[in-house]
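Chains F and G supply the protein sequences, listed in that same order. For the first sequence, the tail end lands on 1786 under my numbering, and the numbers increase by one without skipping. For the second sequence, the tail end lands on 495 under my numbering, and the numbers increase by one without skipping.
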Amino acid sequence: MRALRLIIHQSSANYKREETVDNKMTYPLPPISTVIGALHYICGYREYKEMDISIQGKYESMHREPYTDYCFLNSVQDDRGILVKMRNGSMLSNAFDKVATAKKPQGNSFREGITIHVDDQELLDEYRDLKNRKDSIDEFKKKRITPVMELLKKRKKHLAEKKKKLDRKTAEYERVVKREKEIKDREKEIKSRLDDYQRQNYTIPISRYRSLTKSMKFYEILDGITLVLHVRAADTVLEDILEHIYDLKSIGRSEDIVSVENAEIVELSEDFEDDEVTSKYAAYIDCDLVKDGRIYLRERNGKISGTKYYLNKKYEIVNGKRIFEKKKVLFVSQYTADEFGDGLYVDRYGEETYIVNFL
Amino acid sequence: MRESLENERFDTKVEPSDWRYSAAIVGLYKYLSFYGEKGTDFEIAEDAIKFNCSDISEEKYLQFVEQYYGDELQHKKLERMMCQEELSDDQIKLTNELLKGNSILKKVFGKLKFDGTNQEEILELINKNRKAIIKETYRNKSNMYANFANTGQLLEEKKDCCRLWGYYVDGGRKSKAISYNFDVNTFVAQDDILFDFIPFSFLGERESFFINDSFSVEQLIHTNIELERFIENEIALSEGKAVDARKVLFKSIQTVSDFLDYDVEIIVKNRENDFFETLYIRKESIEVLRKLKIYEPFCCSKKINDNYYVNIQKKVLECILNLIRTDELIELYLKDNEDRSEYLVSQFVKINQLICGGDEEMKQSMKAAYACAKEVAKKLPDNKRESYRQKLTSAIVFKDYDRCCQILLQLSNYSDVTFDFAYSLFENFEENKDIAYTFINALTKKKDND
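Structural data, given as structure tokens:
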């Protein structure tokens, strides 16, 4: 069995657990989808390439690390957070100018200047002008446009009633239709001019303003990680990965830098002449292998315990959402195997012997 | 993971797909077992718990809450007081305080005061408003639902975002920020009304623990019940006083041979944090803990100043779980001369040895260092001994190892005692630091009991 062996070191990493927000909890080893994603990224694959991964490794310690989280709110909120103006309205980045900061959690107002700290008076004035302009547009809509539109609606209704009574072939009917069209065009023109004006003078300029909130959040960080990964895939895919392996910069977060100690295509064996192999590493092991007794944790036929994970492997996009296929694995260490084959292989590297279980 | 079953005895199956579902299963098991005595049926399969959805209702849930928390709910205490025939002035005062115990009780009892005769009226009001009282008290009490999930979502059907603290986000304002490409449609989250059973699976007071021993559902439940039993035993031993769940958990791992002697994930909820934390227990750490044999001496705090105390138990466990040396603690205790310091430092050195795997040569050197220190302490006057101890401590704390070696030479010369152990320090101080710690620690006149 041909496979690619990767031995990787990371000084620290967070393998985020789905959905965690305030304290980004970590898995003890990277989940399958994280590894697959990283390998696809370095090869520049835009579509999923079938691959199975064996993941084992160890970490030295674990700690919780605080960080300042910046969150752009869904819409501009006048009463909270930090009001900022983006340099580029269509892009969310840290290229923004601070306009003003709310001093209290709630009950402030940037527009009214209630309990705020002004960082840039000019931009704040611009923000207030825009808000005032929105008010004038709304007022104009209410006092001028709405009555006109209602009048036009009434006329349309009157013409429609008149049209029903007339014979389609008469000149009078033609005149009514023409008048009706004129009114509809007028209606359209009024709407479009108003929308244009609002877009140019309010919607586009205000879209550069955003509400930003800052808060302290945490990452659970593993330190001093060694990963032993085996990849089973088509030969071309393995060669692609091997060719690009030194483009692999991180696994986990972008700052979780990796150093690749070993990357080579190896022949995995199903025969093992010694009695049994006990792994030095912790690993995700297919639950069925443990249940079947092909991998045992303490004494043979002993009680099986530990934490089971349903790890993400690959996804399909359904209604815009990533729906993952899950693999049932058990997180174990100091485990032993003595029968290989049928998904369980041995790999020898120097003095080390790895138990390889593809997921 | 929850799945609906068709044409089977039970209509719902829940698998422990992640810790939230594992915890929900344990809570659900406690709930269903409570009603099991009253005829509710359910099944524990290897991979899942199976039950009928119709067995879960708001009324039953609240009734279970009342039974589970008992006297922690103020109205239960009130009921107990009202059943007593004669009440002292203090008890009447306490009853009046309980009548205003929280906002729902204030709302129910209004301006009503207990005068020693109106028990009937109070009991009637409790009975009439029992459901609302339980629900609101449970929802808002800091050690009940409010500790675990967003109070607004108690017994609500599933929403777009998970209800648990640390997972919950204000959907109206922040949903875009947590979605891929700032597009809310890409956001995937799991929420389930079954997560309302999670509070029943966490054990402990200010700091509560859930052991995600989820290989099989039976094992998951068994481990939870075991820990609950250990905590109850500890409460019984401490005569009803609150017990530290962390202490019970790790002491049990240390002393009970078949309890958690394997890698397992533990989820921690500290009442001061609005999120959950992970604690991975590894086999290597369990071995260190078991070889250490003692636990109680570490259950203390060290005062640094009026506002800052170091929780020694937590620090020691951090070191053991992360397999890192306890040098920070050793240096902290070397700096002061409390009675217990010498003993604690010797135990911290022992932990270092268990973590780093000290060999026989190291043990011999440490014994020699101890003997030399005691001989020096006998020969030197107290002020000199204390001064040398201080100098050595300062040098080691500042990691000035050359200075430390120089002081040792001076001390050997001055006291006329040969320091055979010191050669390994001259060769590699960092690797043999424990010998230096042992020497400094033993440089006292107090008799070592160890």
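Just so you know, even glycine gets a beta-carbon here, dropped at the ideal spot from N, CA and C.
Fill in: For Leu366 of chain G, the three-state DSSP class (helix, strand or coil)
As a position in the second sequence, residue 366 of chain G is number 321, starting the count at 1. Note: Leu366 of chain G maps to helix in three-state DSSP.
Worksheet item: Which residues mark the beginning and the end of the alpha helix (DSSP H) in which Ser297 of chain G is found?
Response: If you number the second sequence from 1, residue 297 of chain G lands on position 252. From DSSP, the alpha helix (DSSP H) with Ser297 of chain G extends over 290-300.
Item to complete: Can you check DSSP and say which residues form a bridge with Ala1709 of chain F?
Response: Counting from 1 along the first sequence, the entry for residue 1709 of chain F is found at position 282. Note: Ala1709 of chain F sits in a beta bridge opposite F:Gly1484, F:Ser1760.
Discussion item. For Leu1656 of chain F, report the span of its alpha helix (DSSP H) as first-last.
Written reply: Position 229 of the first sequence holds residue 1656 of chain F. Boundaries for Leu1656 of chain F: no alpha helix (DSSP H) harbours it, while the beta strand (DSSP E) harbouring it runs 1636-1660, taken from the DSSP string.
Worksheet item: Any Cβ of chain G within less than 9 Å of the Cβ of Ala1513 of chain F?
Response: As a position in the first sequence, residue 1513 of chain F is number 86, starting the count at 1. First, the residue type needs correcting, since residue 1513 of chain F is Met and not Ala in the sequence shown. Not an interface residue.
Worksheet item: Just curious, the alpha helix (DSSP H) that Arg1582 of chain F is in, first and last residue?
Response: One-based indexing of the first sequence puts residue 1582 of chain F at position 155. Its alpha helix (DSSP H) spans residues 1573-1592.
Discussion item. I need the boundaries of the alpha helix (DSSP H) containing Gln418 of chain G, first residue and last residue.
Written reply: Here residue 418 of chain G corresponds to residue number 373 of the second sequence, with the count starting at 1. The sequence shown places Ala at residue 418 of chain G, rather than the Gln named in the question. Note, Ala418 of chain G: alpha helix (DSSP H), 405-424.
Practice prompt. Please confirm if Leu248 of chain G has its CB atom under 9 Å from at least one CB of chain F.
Written response: The residue labelled residue 248 of chain G in the question sits at position 203 within the second sequence. Not an interface residue.
Fill in: Lys1618 of chain F versus Asn1628 of chain F: straight-line alpha-carbon distance, rounded
On the first sequence, residue 1618 of chain F is found 191 positions in, with the first residue counted as 1. On the first sequence, residue 1628 of chain F is found 201 positions in, with the first residue counted as 1. If you take the alpha carbons of Lys1618 of chain F and Asn1628 of chain F, they lie about 15 Å apart.
Item to complete: Run the CB neighbour count on Pro1493 of chain F, radius 10 Å, all protein chains shown included, and call it buried at 16 or more, exposed below.
Response: As a first step, residue 1493 of chain F is located in the first sequence; it is residue number 66 there, counting from the start. Under this definition Pro1493 of chain F is an exposed residue.
Worksheet item: Along chain F, which residues have their Cβ under 7 Å away from the Cβ of Arg327 of chain G?
Response: As a working mapping, residue 327 of chain G is identified with position 282 in the second sequence. Against Arg327 of chain G, the close residues of chain F are Ser1760, in the order they occur along the chain (beta-carbon pairs closer than 7 Å).
Worksheet item: What are the boundary residues of the beta strand (DSSP E) that includes Ser1439 of chain F?
Response: Against the first sequence, residue 1439 of chain F aligns to sequence position 12. Counting along the chain, the unbroken beta strand (DSSP E) around Ser1439 of chain F starts and ends at 1429-1440.
Worksheet item: Applying the criterion that 16 or more other CB atoms from any shown protein chain within 10 Å of the CB defines a buried residue, is Gln264 of chain G buried or exposed?
Response: Position 219 of the second sequence, counted from the start, is the residue given in the question as residue 264 of chain G. Burial call: buried.
Discussion item. Against Asp61 of chain G, what residues of chain F qualify as contacts under a CB-to-CB distance less than 8 Å, listed in chain order?
Written reply: Counted from its first residue, the second sequence places residue 61 of chain G at position 16. Contrary to the premise, residue 61 of chain G reads as Pro rather than Asp in this sequence. Going along chain F in sequence order, the residues near Pro61 of chain G (Cβ under 8 Å) are Lys1735.
Worksheet entry | Reduced DSSP secondary structure (H/G/I, E/B, other) of Gly216 of chain G | In the second sequence, counting from the first residue as 1, residue 216 of chain G sits at position 171. In the three-state reduction of the DSSP assignment, Gly216 of chain G falls in the helix class.
Worksheet item: If you run the structure through DSSP and keep just helix, strand and coil, what is Met127 of chain G?
Response: Within the second sequence, residue 127 of chain G is the residue found at index 82, counting from 1. Residue state, collapsed to three classes: helix.
Practice prompt. Take Ile1543 of chain F and list the residues in its own chain whose beta-carbon comes closer than 7 Å to its own, dropping the five residues that flank it on each side.
Written response: Position 116 of the first sequence holds residue 1543 of chain F. Same-chain partners within the cutoff: Ala1527, Thr1528, Ala1529, Lys1530, Asn1535, Phe1537.
Fill in: Distance CB(Arg1721 of chain F)-CB(Ser1481 of chain F) smaller than 9 Å
The count along the first sequence starts at 1 and reaches residue 1721 of chain F at position 294. The count along the first sequence starts at 1 and reaches residue 1481 of chain F at position 54. Not in contact: Arg1721 of chain F and Ser1481 of chain F (Cβ atoms no closer than 9 Å).
Worksheet item: Of all the CB atoms in chain F, is at least one closer than 9 Å to the CB of Glu271 of chain G?
Response: As a first step, residue 271 of chain G must be located in the second sequence, where it is residue number 226. Closer than 9 Å: no.
Discussion item. Could you compute how far the alpha carbon of Phe227 of chain G sits from the alpha carbon of Phe443 of chain G?
Written reply: Position 182 of the second sequence, counting from 1, holds the residue named residue 227 of chain G. Position 398 of the second sequence, counting from 1, holds the residue named residue 443 of chain G. So the alpha carbons of these two residues sit roughly 49 Å apart.
Worksheet entry | Buried versus exposed call for His1585 of chain F [16 or more other C-beta atoms within 10 Å across all chains shown] | One-based indexing of the first sequence puts residue 1585 of chain F at position 158. Counting Cβ neighbours within 10 Å, His1585 of chain F comes out exposed, since fewer than 16 surround it.
Discussion item. Closer than 9 Å between beta carbons: that is the criterion. Which residues of the stretch 220-236 of chain G meet it against chain F?
Written reply: Cβ contacts with chain F: Ser220, Lys221, Ala222, Ile223, Tyr225, Phe227, Asp228, Val229, Asn230, Thr231, Phe232, Val233, Ala234, Gln235.
Worksheet item: Opposite Phe1512 of chain F in the DSSP bridges: which residues?
Response: Residue mapping note: residue 1512 of chain F aligns to position 85 of the first sequence, counting from 1. First, the residue type needs correcting, since residue 1512 of chain F is Lys and not Phe in the sequence shown. Note: Lys1512 of chain F sits in a beta bridge opposite F:Asp1524, F:Tyr1636.
Worksheet item: How should Cys1714 of chain F be labelled, buried or exposed, when 16 other C-beta atoms within 10 angstroms of its C-beta is the threshold for buried?
Response: Stepping through the first sequence from its first residue, residue 1714 of chain F is reached at position 287. Label assigned to Cys1714 of chain F: buried.
Practice prompt. Within its chain, find whatever has a CB closer than 6 Å to the CB of Tyr415 of chain G; leave out the 5 residues flanking it on each side and keep chain order.
Written response: Within the second sequence, the letter at position 370 stands for residue 415 of chain G. In its chain, beyond the 5 residues on either side, Thr483, Ala487 have a beta carbon closer than 6 Å to the beta carbon of Tyr415 of chain G.
Worksheet item: Quick one, which residues of the stretch 1442-1468 of chain F are near chain G if we go by CB-CB under 8 Å, in chain order?
Response: Cβ contacts with chain G: Arg1444, Glu1445, Glu1446, Thr1447, Val1448, Asp1449, Asn1450, Met1452, Thr1453, Pro1455.
Fill in: Sequence-distant residues of the same chain with beta carbon closer than 7 Å to Lys1512 of chain F, five excluded per side
Within the first sequence, residue 1512 of chain F is the residue found at index 85, counting from 1. Correct list, in chain order: Phe1523, Asp1524, Val1526, Leu1550, Arg1635, Tyr1636.
Discussion item. Checking 9 Å against the spacing of the C-beta atoms, do Tyr1711 of chain F and Tyr1736 of chain F come in under that value?
Written reply: In the first sequence, residue 1711 of chain F corresponds to position 284, counting from 1. In the first sequence, residue 1736 of chain F corresponds to position 309, counting from 1. Against a cut-off of 9 Å, the Cβ pair of Tyr1736 of chain F and Tyr1711 of chain F comes out as a contact.
Worksheet item: If the cut is a Cβ gap below 7 Å, which residues of chain G does Met1489 of chain F touch?
Response: Along the first sequence, read from residue 1 onward, the residue named residue 1489 of chain F stands at position 62. What Met1489 of chain F touches in chain G: Tyr325, Asn367.
Worksheet item: Using a Cβ cut-off of 8 Å, which residues of the stretch 1742-1770 of chain F contact any Cβ in chain G, in chain order?
Response: Taking 8 Å as the Cβ-Cβ cut-off against chain G, the residues of the stretch 1742-1770 of chain F that qualify are Asn1746, Gly1747, Lys1748, Arg1749, Ile1750, Lys1753, Leu1757, Phe1758, Val1759, Ser1760, Gln1761.
Discussion item. Would you say Ile1631 of chain F lies against chain G (beta-carbon separation less than 9 Å)?
Written reply: Within the first sequence, residue 1631 of chain F is the residue found at index 204, counting from 1. No - not a single Cβ of chain G is within 9 Å of the one on Ile1631 of chain F.
Worksheet entry | Interface partners of Ile1731 of chain F on chain G, CB under 7 Å | If you number the first sequence from 1, residue 1731 of chain F lands on position 304. In chain order: Phe260.
Item to complete: Run down chain G in chain order and give the residues with a C-beta less than 8 Å from the C-beta of Glu1474 of chain F.
Response: Taking the first residue of the first sequence as 1, we reach residue 1474 of chain F at position 47. Below the 8 Å Cβ cutoff, chain G contributes no neighbours of Glu1474 of chain F, its closest Cβ being approximately 18 Å away.
Discussion item. Measuring CB atoms only, is the stretch 1674-1692 of chain F touching the stretch 1432-1452 of chain F, in the sense that at least three cross pairs come out at less than 8 Å?
Written reply: In the pairwise beta carbon analysis, the stretch 1674-1692 of chain F is classified as touching the stretch 1432-1452 of chain F: at least three pairs are separated by under 8 Å.
Discussion item. Could you check whether Met1428 of chain F and Leu1695 of chain F sit closer than 9 Å to each other, using their CB atoms as the reference points?
Written reply: Start at 1 with the first residue of the first sequence, and residue 1695 of chain F comes out as number 268. Start at 1 with the first residue of the first sequence, and residue 1428 of chain F comes out as number 1. Contact flag set, yes.
Practice prompt. Alpha carbon to alpha carbon, how far is Ser283 of chain G from Val293 of chain G? Give it in angstroms, no decimals.
Written response: The count along the second sequence starts at 1 and reaches residue 293 of chain G at position 248. The count along the second sequence starts at 1 and reaches residue 283 of chain G at position 238. Near 12 Å, if we compare the C-alpha coordinates of Ser283 of chain G and Val293 of chain G.
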